[in-house]
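According to our numbering, the sequence shown is numbered sequentially starting from 93. Below is one structure, written out as structure tokens; comments come after it.
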Amino acid sequence: MAAAAKTTTAAATTTTEEETFNPRFLVVSLGNPAPYAESLHSAGHLALQSLQQTLHRQGVNQPSFSSNRIAKKATKASLGDKYTLLQCPTLMNISGPWIARAWKEVLESHVESQNQDPNRPLGLIIVNDDLEEDMAAVKVLKWAKSHRGHNGLKSIMASMKPADYPDSKWARISVGIGRPEARDAATVSDYVLKPWSKYQKETLYEKSAPGVLAALKEIEEAWRLSTKKGAR
93 MAAAAKTTTA AATTTTEEET FNPRFLVVSL GNPAPYAESL HSAGHLALQS LQQTLHRQGV
153 NQPSFSSNRI AKKATKASLG DKYTLLQCPT LMNISGPWIA RAWKEVLESH VESQNQDPNR
213 PLGLIIVNDD LEEDMAAVKV LKWAKSHRGH NGLKSIMASM KPADYPDSKW ARISVGIGRP
273 EARDAATVSD YVLKPWSKYQ KETLYEKSAP GVLAALKEIE EAWRLSTKKG AR
């Protein structure tokens with residue numbers, strides 16, 4: 093009987109931990125404004141649009157994107173209960189300073205609204221295009237992983253440090269866009285900045301959201317486990 097009681101108690105404790113740890117996430121996609129908004133370099137924006145629609149269809153409170161004033165810029169945002177989805181409004185190469193300001197702004201609002209509840213922390217996720225992966229393939233990457241020449245990630249890493257926010261979880265999600273056969277800089281630049289084809293757009297829109305949603309859940313579970321381990 094004693095052994096059974098211990099097992100029941102352990103199971104109840106695990107269930108309680110899973111129920112109480114309920115983080116929120118600021119998810120920011122990288123891309124470029126017009127005239128490059130509909131190019132492969134802006135695949136992160138398209139993935140976020142698809143994610144919002146997927147969550148909405150699943151009955152999650154994830155409103156359609158609308159213009160909001162965030163970090164002093166008009167920003168396309170979907171402000172849900174769990175996910176705050178933002179499309180970075182700046183040029184890719186200078187996205188870091190704006191994302192740093194947006195993070196601080198959203199974090200301050202979150203802390204105030206949640207009354208510093210330790211079971212309701214805020215994480216930061218960056219969603220970006222990836223030349224090294226097949227079209228619409230989604231991958232979770234640690235924040236400190238090499239930017240592999242991605243100028244948007246370079247700008248972000250130069251503008252903000254995770255060590256300044258030890259209670260938060262930061263991670264990256266990459267969305268594959270394939271790569272041209274030629275590897276010279278001019279060809280690669282043309283590939284990522286020219287308007288995407290109908291096939292590319294449809295493939296990214298239809299296939300990226302399930303992968304991004306699975307990646308978000310993977311990141312949350314890893315965070316929960318690390319928090320549980322740290323509490324021991």
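From the three backbone atoms N, C-alpha and C, an ideal C-beta is built for every residue, glycine too.
- Given a length threshold of 4 residues, each whole run of the alpha helix (DSSP H) inside the region 164–242 is given here in chain order: 187–206.
- Under the three-state reduction of DSSP output, residue 262 falls in the strand class.
- Within its own chain, the residues whose Cβ lies closer than 8 Å to the Cβ of residue 176, once the five positions on either side in sequence are excluded, are 116, 117, 118, 119, 169, 170, 198, listed in chain order.
- For residue 118, the enclosing beta strand (DSSP E) covers residues 116–121.
- Within a 10 Å sphere around the beta-carbon of residue 161 sit fewer than 16 other beta-carbons, which makes this residue exposed.
- The C-beta separation of residue 228 from residue 267 comes to about 7 Å, placing the pair in contact by the 8 Å criterion.
- A Cβ-Cβ distance of about 7 Å is found for the pair residue 167 and residue 179, placing them in contact under the 8 Å criterion.
- Inter-residue distance for residue 283 and residue 224 is about 13 Å (C-alpha atoms, whole angstroms).
- Below 8 Å, too few C-beta pairs join the region 235–244 and the region 283–292 to call them touching: fewer than three.
- Burial check for residue 214: the Cβ neighbour count within 10 Å reaches 16 or more, so the residue is buried.
- When rounded, the separation of the alpha-carbon atoms in residue 189 and residue 218 is 14 Å.
- Look at residue 302 here: in three-state DSSP terms it is helix.
- The C-alpha of residue 126 lies about 10 Å from the C-alpha of residue 134.
- A Cβ-Cβ contact shorter than 8 Å links residue 112 with residue 211.
- Under the 10 Å beta carbon count, residue 153 is surrounded by fewer than 16 other beta carbons and is classified as exposed.
- With contacts defined as CB atoms closer than 8 Å, residue 232 and residue 269 fail to qualify as a contacting pair.
- In the DSSP secondary-structure assignment, residue 125 is not bridged to any residue.
- Here the C-alpha atom of residue 205 lies approximately 14 Å from the C-alpha atom of residue 196.
- In the structure shown, residue 269 adopts coil according to DSSP, grouped into three states.
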